[in-house]
Amino acid sequence: MPELAISAEKVAFIIEKAREFDVKEAASDPDSGSNPSDDDEIDVLEDTTSDPVASELIGFIGALNEDEQLDLVTLMWLGRGDGSVDEWDDLRARAAEARAEYKAPRREAVQYLLGEPMLGDLLADGMDELGIDWTDERTTPVS
1 MPELAISAEK VAFIIEKARE FDVKEAASDP DSGSNPSDDD EIDVLEDTTS DPVASELIGF
61 IGALNEDEQL DLVTLMWLGR GDGSVDEWDD LRARAAEARA EYKAPRREAV QYLLGEPMLG
121 DLLADGMDEL GIDWTDERTT PVS
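Here you go:
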């Protein structure tokens, strides 16, 4: 079993926040102008440019070191079924090769991860494949 550079606590936080981010939808009430109680608080699920969940994820993942970001990409690929636990080293090497092609690796890794639909579920599936219980971890940001 591979030893992760990123803690289960950090992955759990990203899973939680990514799942919040994934439920966002396009503006369904663009001319609302009403207060939240008038529109059954549906506006909270709208994807806007000032989305605090996205900002939090961007900041958190962007602050991870290279090894932690590589583990996240590899976990996502594992959860997506791009390889098995036995192929972890090969998957991680592919992630490192892809990262080497980036002009701004830290920023582009964040964009890549957040561009993946169902990121939270894929990371959770990857952790499950590794047999790592992340569900009891704190889900507040860690520094």
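Per the UniProt record's numbering, residue 1 is the first one in the sequence shown, and the count goes up by one each step. The beta-carbon is built from N, C-alpha and C at its ideal position, and this holds for glycine as well.
Burial state of residue i (16 or more Cβ within 10 Å)
{"i": "K103", "result": "exposed"}
{"i": "A71", "result": "What sits at residue 71 in the sequence shown is Asp, not Ala. Buried, because 16 or more other Cβ atoms sit within 10 Å of the Cβ of D71."}
{"i": "R92", "result": "buried"}
{"i": "residue 145", "result": "Summary: the structure shown does not reach residue 145, with the chain confined to residues 1 through 143, and so no result is reported for it."}
{"i": "L45", "result": "Since pLDDT at L45 reaches only 46, below the 50 mark, its modelled position is unreliable, and no value is offered."}
{"i": "M1", "result": "exposed"}
Delimiting residues of the alpha helix (DSSP H) encompassing residue i
{"i": "T74", "result": "66–80"}
{"i": "V110", "result": "105–114"}
{"i": "E56", "result": "52–62"}
{"i": "V11", "result": "8–22"}
{"i": "M127", "result": "119–130"}
{"i": "A95", "result": "88–100"}
C-beta atoms of residue i and residue j nearer than 7 Å
{"i": "A95", "j": "V110", "result": "no"}
{"i": "D82", "j": "A5", "result": "no"}
{"i": "D22", "j": "M127", "result": "no"}
{"i": "L57", "j": "K17", "result": "yes"}
{"i": "E129", "j": "L78", "result": "yes"}
{"i": "A12", "j": "W134", "result": "yes"}
{"i": "L64", "j": "L123", "result": "no"}
{"i": "G131", "j": "I15", "result": "no"}
{"i": "G62", "j": "R106", "result": "yes"}
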